[in-house]
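Visitor: Heads up, the sequence shown is in the numbering used here, so the first residue is 1 and it goes up one at a time.
For each residue, glycine too, the CB sits at the ideal point set by N, CA and C.
Starting off with a structure, shown below.
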Amino acid sequence: MKILHSSQTGSSVSRMGGSLKGDESVLTNNNKRIISRMARNSLSGNRRKNAFIIIAVVLSAFMVSAVLTLGASYYQASRVQNIRQYGAKHDAVVMGGVSEKQIRSCREDREIEYVGLKAKCGKVQSNGRDDTLHTQFIWCNDVFWEKQKKPALQYVTGSYPQKEDELMISEAALKECGEEGMKIGSSLELVFEDETGLHRNTFTISGIFQDYYQDKEAYVSEAFFKKSGSSLSDVLSGSMYLGFRDWIWSEKKQEKFEEALQLGKQQAFFITDGAGGQLQVLTGMGGIVLITLCSAYLLIYNILYLSVTSHVRYYGLLQTVGMTERQIRSFLFRQMYYMGSVGITAGLLLGGSISMALLPELLRGLGIKNEGVIEVRFRPWIYVLAAILVGITIYMGSRKPAKIAGSVSPIEASRFAGGHAGKKHKRIRKGCPVFNIACRNLQREKKRTAVVVLSMGLSASLFLCIMTLIQSQEARTLFPFYLDSDLVIENDTFTKFNRSEYKQIFEQEFVDRLEQIEGVESVHVTYAADIIVPWKEGLPDDWMREFYATSMAVPYDPEEYRDNPEKFYSVMAGIDNEEFEKINAGLENPMGPQKFYNGECCLIYRSMLDLSDDFLVGQKLQFYPQKNGEGFMQEIEIAAVTDSMDILRFTGYGPNIIVSSGWLNKIMTDAYRQRIALHYRERYDENTEQQIREVVQNDSCAVDSSIESRIQIRENLRNTQGNIMIFGVGIAVLVGFIGLMNYINATISNLRNRLKELSVLESIGMTGRQTSRMLFCEGLLYAGLTILFTVSAGLGTTYMIFQFMNTMHAPFTVPLNPVIISILLITAVCTGIPMAAYQVLVKKASVIERIRDS
């Protein structure tokens, strides 16, 4: 008798099995019920293994549903923030007047859901106590008020005005114009100005509302609007707010729509971030979900792979009693079906409960405060989608382990020793042997190492990106404050139409008291005066033609300008040396400081006119101060151009220039102090700001001045943001949790596969302390590779996303506290988990018992 070697026997059986695969249907019994019963019985027979798989599915379903829920809530919160910031729910706006043809065209356009109309029709001048008020009278149609304005308000009570003498007034305007305690039905006597002149009237308050930016507005009836002399076509009055049916409008579609509007030169068309940026938000959410699903796939695949490789002999035994490859695969898939059903149900319930209740409470406990209600809505489609995605992930993660279980022959199964059996190892290099073994272990299964590092690196990178965007939310969206100052006090007499009513309300003594406040670092005064630029061919005439074509409803009359230049006044502003240095540093072509200080050159404000730098720079501008007459004619060179509206808040018809305040006060001793800007020693110093407000309140300038501060603007911005930070931090926490769980799973799987190897090493002299040091070094290497990946690829991606969303050109900064905490946490987890898992796996079993059981 010829005796076959075992390897020959195995190969013969393998060839036999391969030849029968094509005829598997001949040998297959219809034992689906038996397979189903075996799958159900296996749930109670292998509780520990099945518990790991069910936990993996629960975590996967939980993470996907929680990320989708929070992502959808974040998306909704970002839309709410845009609505609050823009003061109305709209996707585009046409400003500078709007024609009947444009209104009709938009109403007939099927892609436009609603067309809101709004017009300024007057300004409050006085309430009997203060004649420097800021409240505007506004009319709007029903569409704008009901569908666009109301969603942007904190609250509204009462009804929109129907009678000529009724007002729907904001809380800020009521505080300015009225008296404390006024309510709906109260009477309010005001002096106001419209296109027909100055009027005094007693209004009845029909409604009160509160917005998020403390705008001073009072909405009037259609009857009032018709008598005001204003119209929607007026350049400085009418505007049209559009709401699109589709959430996403591409740039090409926006350009096509703008062309169809046939805008005039005086009109401007703007698309809000909501219509233009939805695709980026959705793409970001899709990326987070994709990373979550990849991590869930790795969780399920690793646990199933570990389960199959540790029970290969069992599956080989099933083949010896007649089970085919297809039936074994079916057996495994049915196991996953039962465990997946249990895990998905539990995971969705867990994800829903945490997203709806526990996570917001946890964030509150961590110190994240929000004055509004932290709301996470229940959306059924999210849980259906999560169940489908996790189901597909379970199937994809089960395919390869099921294929391994079904394709291994009985004899091969008896010899199966795991994924790295039979590999030749390189000789250990000189140096620390424990560290070298740790390096070799990571290199031995490069694919597994790469997957673990990639999973953790993606989670850490996404966490870094989200936290950077959250921390920079104020810097990226906060409108730039005047020359980076902390508080600005304005002379409100400059808001009067009659320039003869301007007053010098800020005395030098008042400025000195501000400088003496301990928390104030510096005080900067902006001076302002009217000047006359005589008619002349070239700059004065070209400027006035462009100004009238862009901003005025009446035609330009050069003869009138030549004969009466004082009617076409300009404004000259004076700034100190420190403010000049800040402005000059931001110019493309900086000016010579000494020439500016000496009054030899100036900066011109372009006033959004279509005049190029090449045309303006180098021109000589002649002017004389209005109070001193033509005998004081001055000539100054235009050295640079600015488009910033911060420096000159109030301008004239002609060229408006910025000069040195020292030189201005030499030629005009009675220039007005128009603005006072203060810088604090510490940003957002509330105590210093309170002292400043007390000084202003106790001075005679209090009635005719107004205050704007960075603290107030930040508070308004936070009110508009609502829950957006809550949802952002929630997503960041979940993303970090995903990477953590995947590493824990991969570590346990790796240790279970290597348990026999580690026991053998211990049997030949490796101590427990050396084993712990080796596992510590492996974890340290994982942590180092993860941090390296995050610092390189993750930080680079974060920078690109930051710059894409950086509309205010804020400097890029990394949130140090979250980054340091993340690095420490990654290091602690990567080094602590392997050692803890090893102690759990080995328990108190002896080396011989561990080798025998492996």
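Give the range of the alpha helix (DSSP H) segment to which Val577 is assigned.
Guide: Sequence index remark: in the sequence shown, residue 577 carries index 577 (1-based). It should be noted that the sequence gives Asn, not Val, for residue 577. Where Asn577 is concerned, the enclosing alpha helix (DSSP H) stretches over 577-585.
Visitor: Beta-carbon of Tyr297 versus every beta-carbon of chain C: anything under 8 angstroms?
Guide: Included in the structure is just one protein chain, with no chain C present.
Visitor: If I follow the unbroken beta strand (DSSP E) through Ile707, where does it start and stop?
Guide: As a working note, residue 707 is residue 707 in the sequence shown. Counting along the chain, the beta strand (DSSP E) containing Ile707 begins and ends at 705-709.
Visitor: Comparing alpha-carbon positions, which option in Pro811, Ile820, Thr831 lies nearest Leu775?
Guide: In the sequence shown, residue 775 corresponds to position 775, counting from 1. If we check each option's Cα against that of Leu775, Thr831 comes out closest.
Visitor: Are the region 543-554 and the region 682-702 touching by the rule of at least three beta carbon pairs closer than 8 angstroms?
Guide: no
Visitor: Looking at the unbroken alpha helix (DSSP H) that takes in Val857, where does it start and where does it end?
Guide: Not covered by the structure: residue 857. The range shown for the chain is 1 to 854.
Visitor: Would Ser330 and Asn742 qualify as a contact pair, given that the criterion is a beta-carbon distance under 8 angstroms?
Guide: Position 330 of the sequence shown, counted from the start, is the residue given in the question as residue 330. Position 742 of the sequence shown, counted from the start, is the residue given in the question as residue 742. Against a cut-off of 8 angstroms, the Cβ pair of Asn742 and Ser330 comes out as no contact.
Visitor: Decide if the region 122-142 is in contact with the region 189-208; the criterion is three or more beta carbon pairs, one per stretch, under 8 angstroms apart.
Guide: yes
Visitor: Is the distance from the Cβ of Gly178 to the Cβ of Asn141 below 8 angstroms?
Guide: Within the sequence shown, the letter at position 178 stands for residue 178. Within the sequence shown, the letter at position 141 stands for residue 141. No, Cβ-Cβ distance for Gly178 and Asn141 is not below 8 angstroms.
Visitor: Using the rule of at least 16 other Cβ atoms within 10 Å of the residue's Cβ for burial, across every protein chain shown, is Tyr314 buried or exposed?
Guide: Here residue 314 corresponds to residue number 314 of the sequence shown, with the count starting at 1. Exposed, by the Cβ-count rule.
Visitor: For Ser485, which residues of its own chain have a beta-carbon under 7 angstroms away from its beta-carbon, when the five flanking residues on both sides are left out?
Guide: As a working mapping, residue 485 is identified with position 485 in the sequence shown. For Ser485, where only same-chain residues beyond five positions count, the Cβ hits under 7 angstroms are Ala677, Leu678, His679.
Visitor: Return helix, strand or coil for Val571, following the three-state DSSP convention.
Guide: Here residue 571 refers to the residue found at position 571 of the sequence shown. Val571: strand per DSSP, three-state reduction.
Visitor: What residue from Ser73, Thr202, Ala573 has the CA that sits closest to Arg379's CA?
Guide: For the purposes of this step, residue 379 is identified with residue 379 of the sequence shown, where counting begins at 1. If we check each option's Cα against that of Arg379, Ser73 comes out closest.
Visitor: Quick check: what's the CA-CA separation for Asn684 versus Arg710?
Guide: Position 684 of the sequence shown holds residue 684. Position 710 of the sequence shown holds residue 710. The sequence given here has Tyr at residue 684, not Asn. One C-alpha to the other measures close to 7 angstroms.
Visitor: Can you list the alpha helix (DSSP H) stretches of 4 or more residues lying completely in the region 148-197, in chain order?
Guide: 171-177
Visitor: In terms of DSSP beta bridges, what is Thr771 paired with?
Guide: Working through the sequence shown from its first residue, we reach residue 771 at position 771. Beta-bridge pairing links Thr771 to no other residue.
Visitor: Kindly identify the DSSP beta-bridge partner or partners of Ile657.
Guide: For this step, residue 657 is matched to residue 657 along the sequence shown. Ile657 is bridged to Met572, Ile604.
Visitor: Let me know if Trp381 comes out buried or exposed under the rule of 16 or more other beta-carbons within 10 Å of its beta-carbon.
Guide: Translated into the one-based positions of the sequence shown, residue 381 becomes position 381. Exposed.
Visitor: For Lys147, which residues in the same chain have their Cβ closer than 8 angstroms to its Cβ, ignoring the five residues on either side in sequence?
Guide: In the sequence shown, the residue the question calls residue 147 occupies position 147. Excluding positions up to five away in sequence, the list reads Lys89, Tyr114, Gly116, Gly243.
Visitor: Helix, strand or coil: how does DSSP classify Phe244 here?
Guide: Position 244 of the sequence shown, counted from the first residue, corresponds to residue 244. Three-state result, Phe244: strand.
Visitor: As a quick exercise: from Trp249, Val617, Glu259, pick the residue whose alpha carbon is nearest that of Ile271.
Guide: In the sequence shown, counting from the first residue as 1, residue 271 sits at position 271. Selected option, being the one with the closest Cα: Trp249.
Visitor: Around the Cβ of Asn564, are there at least 16 other Cβ atoms within 10 angstroms (buried) or fewer (exposed)?
Guide: Locating residue 564 in the sequence shown gives position 564, where the first residue counts as 1. Exposed is the label assigned to Asn564, since fewer than 16 other Cβ atoms lie within 10 Å of its Cβ.
Visitor: Tell me the rounded alpha-carbon separation between Arg399 and Leu755.
Guide: The residue labelled residue 399 in the question sits at position 399 within the sequence shown. The residue labelled residue 755 in the question sits at position 755 within the sequence shown. Taking the straight line joining both Cα atoms gives about 25 angstroms.
Visitor: In the structure shown, what three-state DSSP assignment does Trp663 receive?
Guide: The count along the sequence shown starts at 1 and reaches residue 663 at position 663. Helix.
Visitor: Taking Cβ to Cβ, would you say Val93 is nearer than 8 angstroms to Gln102?
Guide: Taking the sequence shown and counting its residues from 1, the one referred to as residue 93 is at position 93. Taking the sequence shown and counting its residues from 1, the one referred to as residue 102 is at position 102. Cβ distance not < 8 angstroms, so Val93 and Gln102 don't count as in contact.
Visitor: So is the beta-carbon of Phe632 under 7 angstroms away from any non-hydrogen atom of the ligand MG?
Guide: Of the ligands one can find in the structure shown there are none, so the ligand MG has no counterpart to examine.
Visitor: Please classify Gly216: is it buried, with 16 or more other beta-carbons within 10 angstroms of its beta-carbon, or exposed?
Guide: Numbered from 1 along the sequence shown, position 216 holds the residue referred to as residue 216. Per the sequence presented here, residue 216 reads as Lys, with Gly not at that position. By the Cβ neighbour-count rule, Lys216 is buried, with 16 or more other Cβ atoms within 10 Å of its own.
Visitor: Note down the Cα distance separating Ile368 from Gly351, rounded to an integer number of angstroms.
Guide: Here residue 368 corresponds to residue number 368 of the sequence shown, with the count starting at 1. Here residue 351 corresponds to residue number 351 of the sequence shown, with the count starting at 1. Below a pLDDT of 50, predicted positions are generally treated as unreliable, and Ile368, at 41, falls in that range; no measurement from the model is reported.
Visitor: Sort Gln674, Gln691, Arg513, Glu715 by Cα distance to Ser706 and report the nearest one.
Guide: One-based indexing of the sequence shown puts residue 706 at position 706. It is Gln674.
Visitor: Do Leu293 and Val64 have their C-beta atoms within less than 8 angstroms of each other?
Guide: The residue you call residue 293 lines up with position 293 of the sequence shown. The residue you call residue 64 lines up with position 64 of the sequence shown. Yes, the pair counts as a contact, with Cβ atoms nearer than the cut-off.
Visitor: Within a Cβ cutoff of 8 angstroms, which residues of the same chain sit near Thr204, ignoring the five residues on either side of it in sequence?
Guide: Position 204 of the sequence shown holds residue 204. Excluding sequence neighbours, Thr204 sits near Lys163, Asp165, Glu166, Leu167, Gly185, Ser186, Ser187, Leu188.
Visitor: Which partner residues does Tyr114 have in the DSSP bridge list?
Guide: In the sequence shown, the residue the question calls residue 114 occupies position 114. Gly243, per the DSSP bridge assignment.
Visitor: Quick test of your reading: Tyr219 and Tyr160, contact by CB under 8 angstroms. State the CB separation rounded to the nearest angstrom.
Guide: Position 219 of the sequence shown, counting from 1, holds the residue named residue 219. Position 160 of the sequence shown, counting from 1, holds the residue named residue 160. About 7 angstroms separates the two Cβ atoms, so the contact holds.
Visitor: Under the DSSP definition of a beta bridge, which residues are partnered with Trp535?
Guide: Translated into positions along the sequence shown, residue 535 becomes position 535. Answer by DSSP bridge pairing: none, since Trp535 is not bridged.
Visitor: Is Gln803 buried or exposed, if buried means 16 or more other CB atoms sit within 10 Å of its CB?
Guide: Stepping through the sequence shown from its first residue, residue 803 is reached at position 803. With a threshold of 16 other beta carbon atoms within 10 Å, Gln803 falls short and is exposed.
Visitor: Pull up the DSSP beta-bridge partners for Arg675, would you.
Guide: By one-based count along the sequence shown, residue 675 stands at place 675. Arg675 is bridged to Glu490, Thr526.
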